[in-house]
Amino acid sequence: MAEAERANKLTMLKLRLQQVLLPMVSSQCNHISSIVQTYEARKPSSAGTAEVTPVRKLKMQHMLKFMEGRQREIRDLLNLCSELVEQSAGGAAETVSQADDADAVSSGLHKRHPHASANLDAQ
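Numbering (UniProt numbering), first residue to last: 1 to 123.
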C-alpha cells in the first residue's frame with residue numbers, strides 16, 4: 001500500500017506543477033517578452049518618455065532567458081513525475097492484485113488511482 005500512497009503523492013505533485021507553477025512561469029515569460037518587445041520597438045526618447053538604456057534592455061533579456069530556463073526545468077520535472085507515476089502505478093497494481101480482495105475493496109485504492117490517472121491524461 002505504500003507504493004499506492006507514493007503514486008498518489010506523485011500525482012498530486014504533477015498536478016501542482018501543471019496547474020500552478022507552469023502557468024505562473026509561462027505568464028511571467030509572456031509578460032517579460034512583451035516588455036522586451038516594447039523596449040525594442042520604442043523609438044529614441046521623445047517628450048515625456050524615458051530612453052531605454054542598453055543596460056535595462058540587457059537586464060530584461062537576461063530575465064527572459066532565466067524564466068525560459070525555469071519553464072524548461074518545470075517541464076522536465078513534469079516528465080519525471082509522469083515517469084515515476086507510471087512506475088508507481090505498475091507497482092501499485094501488482095501490490096493490489098497480490099493483496100486480499102477484502103483489503104483492496106475496503107481501501108478503495110484500486111478504484112481511485114486509475115480514475116485519477118485518466119483525469120490527468122484528459123488534461
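For every residue, glycine included, the Cβ atom is placed at its ideal position computed from N, Cα and C. Just so we're clear, the structure is a prediction, and the values are computed from it rather than from any experiment.
Q | Beta-carbon gap between L13 and C81 smaller than 9 angstroms | A | yes
Q.
Please classify T58 as buried or exposed, where buried requires at least 16 other C-beta atoms within 10 Å of its C-beta.
A. Here residue 58 turns out to be Leu, not Thr, going by the sequence shown. Its Cβ having fewer than 16 others within 10 Å, L58 is exposed.
**Q.** Close beta carbons around I32, own chain, < 8 angstroms, minus the five adjacent residues each side
**A.** M60, M63, L64, M67
Q: Give me the Cα-Cα distance between I74 and Q28, rounded to the nearest whole angstrom.
A: 14 angstroms
Q: Taking only the alpha-carbon atoms, compute the straight-line gap between E83 and P54 and give it to the nearest angstrom.
A: 44 angstroms
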